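Residue numbers (the numbering used here), protein chains in the order written: chain A, 1 to 222; chain B, 1001 to 1063; chain C, 2001 to 2250; chain D, 3001 to 3155. Below: one structure, written as structure tokens.
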Amino acid sequence: MIRALAWVLRRDLLLAFRRRGDVANALVFFVIVVSLFPLGVGPEANQLRNMAPGVLWVAALLACMLSLARLFAPDHQDGTLEQMLLAGEPLVVLVMGKVISHWLVSGLPLVLIAPLLGLQFDLPGNALAVLSVSLLLGTPVLSLIGAVGAALTLGVRGSGVLVALLVLPLFVPVLIFGAGSVGAIVAGTGADAHLLLLVGFLALALVLAPWASAAALRIAME
Amino acid sequence: MNWGSWQNFVAMGGYGLYVWGSYIVTLVVLVAEIVSLTMRRRGVIERLAKYYAARRRNHETET
Amino acid sequence: MSTRKRFSWYYFSSPQSFYPLAGALQPWCAALAVLFCGVGLYISFFVAPTDATQGEAYRIIFIHVAAAWMSMFLYLVMGFWSGVGLVLNTRLSSMVATALAPTGALFTFIALWTGALWGKPTWGTWWVWDARLTSELILLFLYIGFIALQGAIDDQRRADKAGAVLALVGVINVPIIYFSVKWWSTLHQGASVSLTSAPTMAKTMLLGMLIMALGFWMYSIAATLARVRCVILERERHTDWVAAEIDGLA
Amino acid sequence: MKPRHKRFVLVGVGIAGLALSATLVLSAFQKNLVFFYTPSQVFAKEAPVGKSFRIGGLVENGSLKREADGVTVQFVVTDTAKSIPVYYRGILPDLFKEGKGVVTEGRLAPDGTFHADEVLAKHDENYMPPAAQEAINEAKANTAAQSLVMPPKGK
């Protein structure tokens, strides 16, 4: 089981490395969207600090959603997915491997670059730390939930818009408590409750999302 | 509950806009659903009737 | 002809035998809906007294609460039949789930709309982003997502199952809506009616609300049955019995 | 591992994850995740600083005052332990009454007063005709009067 997981992970990471451009796109999107806000809203530091958590988190949500199209679709088109279904390993494990690699490729870079972008918004040091932690806990949840949406809309016409419609409402709790944690630390009320909830979401999504994605994949491949 | 007059009933103690706004929109929405269901049923029957007629004609030309 | 034929649930789990049953039940449910809503409206406007704090504005409660209950309840029912369809592979369950979604979405919309119209005169705002209102809005998006997903997939079996997975994932939202007023401090007031404590409403008000809820319930059944009959005809058009049925109607 | 064992491991991991998640979510709810803060929380410095937030509580009886300009109002929000004076320019909602619930959004000034941008009335889940309300108020007043006249035994 571990071996199957490692195999999928290695393969997907290798593929992602070969298609560096695609990976960079999501990151560049994130950076540009976040950087547009100070330009659009004006340089007033207090206002920027107040909106920073929301802007950073919404941009992360959108960036994650954009990269969902790459999660299953290429493997679906070239038939690899079908091979995986027949491989005899539990599909859940394969899905987990793909989700982890999706997060490593599209979620982790956001986590790493977010503190830098936070500086544009004049966030204080402790808020930058909480921002990183909240994204570190939250982006895997986005990848996990996103996998369900991506699997459900696999090969469906207009899947791009549809995936947004399905997945964004489910992202809302992560957005609220992710952005809330940074907002709380900026306001001096402590972010531990928010972060605890994010960990709770992560555990819940880790348990439920791979099953749901696997079921959705099976349905899509029938 | 005795409203006394028609005006009092419509006014709803000054909240007429909100109360009637709720009830009328609810009514409109439900009636719209009923109408759309009726039309859907009629449409389905019409479409299927045509479909069967066409199928029968095809059968006749084949045989 | 044997009159002692045993009643069997399996008998009615086939679309062919459910279609006439739905047709027979539907007018009764519709009639009951008209009756309950009529009595409910009469109680709401002519029997229930003015509220001590809210005056007449509180009369929105009679449709607001009933619609909100139905929005959550219909989602649970939809999730249940989706699950049954997914596990047991029964076509009829999936059709029922499909037929429930639009009515559920409508009641969610009504709950949100009447809530806004109730909130403005009492709280002083149309909308706040508190836990109750936000999670109810997400419920509306879930219904719309379910309908859109099923509409986008051409293969019927796949549409049913994909919708079922989405419906089941979304079920998690229903307890969040219900308990949100307990878990968080919200602007929205707590539940007036619950299983664990006595209702905190005057008797006639409560009666009006419950009867309206019954009316909406009957309405939902009638609308769902009507829709499921259309769905059955569309999906079973290749069968002989549908051909005979249409011949009889046209 | 046999497939049966694999499934067993996966289900076990799943149940452990669910339990963990339930524990975390429930313990998070013990902390302050709130739509509004109570005056006590504000005094305990749990409320945000330098940012607008909401406080909720009851409007203290007899605290509502209108300034000479007619649009600025002043009242005190209390949770019976602590109270905060609030200033607000604008129209109050119909249900805003002394002794009733209120949620108000604004900023805390350095002098401890709250300058509100928005005032919302929070009503409870009790619905009753005016006569019943009066009866309850009377009953409350009676018990209050009795407890004034006769202090509880043992004190």
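Glycine residues also receive a C-beta, built at the ideal position from the N, C-alpha and C atoms. Just so we're clear, the structure is a prediction, and the values are computed from it rather than from any experiment.
Assigned secondary structure, residue i (DSSP; H/G/I helix, E/B strand, else coil)
| i | result |
| --- | --- |
| ASP2160 (chain C) | helix |
| LEU3020 (chain D) | helix |
| MET2201 (chain C) | strand |
| LYS3122 (chain D) | strand |
| VAL2193 (chain C) | coil |
| GLU44 (chain A) | coil |
| TYR3127 (chain D) | strand |
| THR2053 (chain C) | coil |
| GLU2245 (chain C) | helix |
| VAL3102 (chain D) | strand |
| ASP12 (chain A) | helix |
| ARG1978 (chain C) | No answer is possible for residue 1978 (chain C): the residues shown for chain C start at 2001 and end at 2250. |
| ARG3107 (chain D) | strand |
| ALA1011 (chain B) | helix |
| PHE121 (chain A) | coil |
| ASP2155 (chain C) | coil |
| ALA2223 (chain C) | helix |
| ALA3116 (chain D) | strand |
| PRO210 (chain A) | helix |
| ARG3 (chain A) | helix |
| THR2103 (chain C) | helix |
Nearest residue (CA-CA) to residue i, options the options
| i | options | result |
| --- | --- | --- |
| LEU66 (chain A) | A:LEU9, A:ALA150 and A:LEU131 | A:ALA150 |
| LEU2206 (chain C) | C:GLN2150, C:LEU2041 and C:VAL2169 | C:LEU2041 |
| PHE2109 (chain C) | C:LEU2168, C:ASN2089, C:ALA2052 and C:ALA2066 | C:ALA2066 |
| VAL2084 (chain C) | C:ALA2191, C:SER2180, C:PHE2179 and C:LEU2168 | C:LEU2168 |
| TRP2217 (chain C) | C:ALA2033, C:ALA2111 and C:ILE2147 | C:ALA2033 |
| ALA2031 (chain C) | C:ILE2221, C:ASP2247 and C:THR2186 | C:ILE2221 |
| PRO2121 (chain C) | B:MET1012, B:THR1026 and B:ARG1055 | B:MET1012 |
| ARG2157 (chain C) | A:PHE37, A:LEU62 and A:ALA220 | A:ALA220 |
| ALA1032 (chain B) | C:HIS2238, C:ILE2232, C:ARG2229 and C:ALA2223 | C:ALA2223 |
| LEU217 (chain A) | A:ALA4, A:LEU81 and A:VAL105 | A:LEU81 |
| LEU195 (chain A) | A:ALA63, A:ALA147 and A:GLY138 | A:GLY138 |
Contact set for residue i: own chain, Cβ-Cβ below 6 Å, skip 5 residues either direction
| i | result |
| --- | --- |
| VAL141 (chain A) | VAL174, PHE201, LEU202 and ALA205 |
| LEU170 (chain A) | ILE145 |
| PRO115 (chain A) | LEU128 and SER132 |
| ASN3137 (chain D) | none |
| ASP75 (chain A) | LEU81 |
Cutoff 8 Å; reference residue i; Cβ partners in own chain excluding five residues on either side
| i | result |
| --- | --- |
| SER3052 (chain D) | GLU3105, GLY3106, ARG3107 and ASP3117 |
| LEU3018 (chain D) | none |
Pairwise C-alpha distance: residue j and residue i
| i | j | result |
| --- | --- | --- |
| GLN77 (chain A) | THR1038 (chain B) | 42 Å |
| GLN3074 (chain D) | LEU3092 (chain D) | 11 Å |
| LYS3153 (chain D) | ASN3142 (chain D) | Note on LYS3153 (chain D): pLDDT 40, under 50, position unreliable in the model; the coordinate value appears next. Computed Cα separation, rounded: 18 Å. |
| LEU2106 (chain C) | SER2071 (chain C) | 8 Å |
| SER2180 (chain C) | ILE2172 (chain C) | 13 Å |
| LEU34 (chain A) | ALA3028 (chain D) | Note on residue identity: the sequence assigns Val, not Leu, to residue 34 (chain A). Answer to the nearest angstrom: the Cα atoms are 29 Å apart. |
| PHE2045 (chain C) | ILE2063 (chain C) | 12 Å |
| THR3078 (chain D) | ILE176 (chain A) | 28 Å |
| THR2050 (chain C) | HIS3123 (chain D) | 15 Å |
| PRO109 (chain A) | HIS102 (chain A) | 11 Å |
| LEU198 (chain A) | ASN46 (chain A) | 27 Å |
| ARG2004 (chain C) | SER2017 (chain C) | Its pLDDT being 49, under 50, ARG2004 (chain C) is placed unreliably in this model, and the value from its coordinates should be taken loosely. Roughly 18 Å between the two C-alpha positions. |
| LEU3148 (chain D) | ASN3061 (chain D) | With a pLDDT of 48 at LEU3148 (chain D), under the threshold of 50, the predicted position of this residue should be treated as unreliable, and no value is reported. |
| ILE2147 (chain C) | GLY155 (chain A) | 17 Å |
| ARG1042 (chain B) | TRP1006 (chain B) | 40 Å |
| ALA184 (chain A) | GLY3112 (chain D) | 20 Å |
| GLY2079 (chain C) | GLY79 (chain A) | 32 Å |
| TRP1020 (chain B) | PRO2027 (chain C) | 28 Å |
| SER213 (chain A) | VAL2165 (chain C) | 9 Å |
Cβ shell of residue i (< 7 Å), same chain only, five flanking positions each side left out
| i | result |
| --- | --- |
| HIS3115 (chain D) | TYR3087, GLY3106, ARG3107 and ALA3109 |
| LEU2025 (chain C) | LEU2225 |
| ILE2153 (chain C) | ALA2159 and ALA2162 |
| ARG2091 (chain C) | PRO2015 |
| VAL2077 (chain C) | LEU2100 |
| HIS2188 (chain C) | ASP2130, ARG2132, LEU2133 and VAL2181 |
| TRP211 (chain A) | VAL92 |
| THR2125 (chain C) | GLY2119 |
| LYS3082 (chain D) | PRO3039, SER3040 and PHE3043 |
| TRP2123 (chain C) | LEU2187 |
(request) With a floor of 4 residues, list each alpha helix (DSSP H) that falls wholly inside the segment 3025-3091 of chain D, ordered by position along the chain. (result) 3039-3043
(request) Could you please tell me which residues of the segment 1038-1063 of chain B, in chain order, have their CB closer than 7 Å to any CB of chain G? (result) In summary, chain G is missing from the structure at hand, where the protein chains are A, B, C and D.
(message) At 4 residues or longer, what runs of the alpha helix (DSSP H) sit wholly inside the segment 124-171 of chain A?
(response) 125-152
(message) Ignoring anything shorter than 4 residues, give me the alpha helix (DSSP H) runs that lie fully in the segment 2025-2094 of chain C, in order along the chain.
(response) 2061-2088
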